[in-house]
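Taking it in order: structure first as structure tokens, then the write-up.
Chains as they are written, first to last, in the working numbering: chain A, 2 to 102; chain B, 2 to 102.
In structure tokens:
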């Protein structure tokens, strides 16, 4: 298998309280908080980032790096320098496609 | 930061139809199907595995490797050689703790 596999950048899961959830994940796991406010947080693990989101303000989703991102719509630029577009999988799960270039 | 971060082994997301979802993920992304039946599938990406699950038979969850897994209950051995226990985070998300030993 010489195929180069795509990278999943992050997974965003819905939580009820960001601060409480950060305390819990931080106490259970060796991880590193990259960002937090009242509506979402970003935690670094060895191989991927975990986002904790208040679903009313940020949708739970999975973020994939792919060279095909721009084929799915206009890419939106984010403050961290990434560009992405959101789509749905056939089951209605939110999928973020992040440009690789 | 000398801390050694924990690894997230896999993320399992709920889908309505395994075969249809595999077709979709396989056409959108460079990935490799490791396993599939009618109730779940496992797809390899560069840094993590993505499980597609029919929620009525397999709960959506996130699987973390941690040396503390056995502190949370009796570990169950799986056919792939891993041992794990399921817990809930404070928001009710299912979390699988996989032993690292």
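Glycine included, each C-beta is placed from N, C-alpha and C at the ideal position. Note that the coordinates shown come from a computational prediction; the quantities given were computed from them, not determined experimentally.
Is the CB of residue i under 7 Å away from at least one CB in chain B?
i: residue 75/A; result: no
i: residue 17/A; result: yes
i: residue 85/A; result: no
i: residue 25/A; result: yes
i: residue 9/A; result: yes
Determine the closest residue to residue i out of the options, with distance taken between C-alpha atoms.
i: residue 9/B; options: 76/B, 27/B, 92/B and 45/B; result: 45/B
i: residue 84/B; options: 94/B, 101/B, 95/B and 96/B; result: 101/B
i: residue 39/A; options: 71/A, 16/A, 77/A and 92/A; result: 16/A
Would you decide whether residue i is buried or exposed? Buried here means 16 or more other CB atoms lie within 10 Å of its CB.
i: residue 98/A; result: buried
i: residue 34/A; result: exposed
i: residue 50/A; result: buried
According to DSSP, is residue i part of a helix, a strand, or is it coil?
i: residue 4/A; result: coil
i: residue 85/B; result: strand
i: residue 45/B; result: strand
i: residue 1/B; result: Chain B is shown only over 2 to 102; residue 1/B falls outside these bounds and no answer can be derived.
i: residue 57/B; result: coil
i: residue 35/B; result: strand
Do we get a CB-CB distance below 7 Å when we pair residue i with the residues of chain A?
i: residue 38/B; result: no
i: residue 47/B; result: yes
i: residue 81/B; result: no
Counting only the same chain and skipping the five closest in sequence on each side, list residues whose C-beta sits under 8 Å from that of residue i.
i: residue 58/A; result: 40 and 41
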